[in-house]
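The following block contains the structure:
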């Protein structure tokens, strides 16, 4: 999916990518010239938005149609992400 389609802000996407790469919040704060409190707040927002996204998928009548329209590579990527959870 394109970044502009993400519900995460630019800052949240950067923090999420760093977390996915295994970087701890203190190091992320240092690298981004931010406070640990700011990074922890971003992590909380990412988690909240992720929970809301899952709730939306469960309730939306469009989930199956949109999943069917996904590019096969993107579908595989999403399945792998869920399998790793």
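Numbering (the working numbering), first residue to last: 828 to 912. Heads up, the beta-carbon is just placed ideally off N, CA and C, and yes, glycines get one too. All figures in this text were calculated on a predicted structure; none of them were measured in a lab.
Taking only the alpha-carbon atoms, compute the straight-line gap between residue i and residue j and give it to the nearest angstrom.
i	j	result
residue 890	residue 884	6 Å
residue 903	residue 910	10 Å
residue 906	residue 875	21 Å
residue 887	residue 878	14 Å
residue 834	residue 854	24 Å
Apart from the five residues just before and just after residue i, which ones in its own chain have a Cβ nearer than 8 Å to its Cβ?
i	result
residue 856	862, 863, 865, 866
residue 897	905
Residues in its own chain within less than 6 Å of residue i by CB, not counting five upstream and five downstream?
i	result
residue 963	Beyond the ends of the chain as shown, which are 828 and 912, falls residue 963; an answer cannot be given.
Mapping the DSSP letters down to three states, classify residue i as helix, strand or coil.
i	result
residue 909	helix
residue 877	helix
residue 850	coil
residue 828	Low local confidence applies: a pLDDT of 46 at residue 828 is under 50, so the model's placement there is unreliable, and no value is given.
residue 888	coil
residue 896	helix
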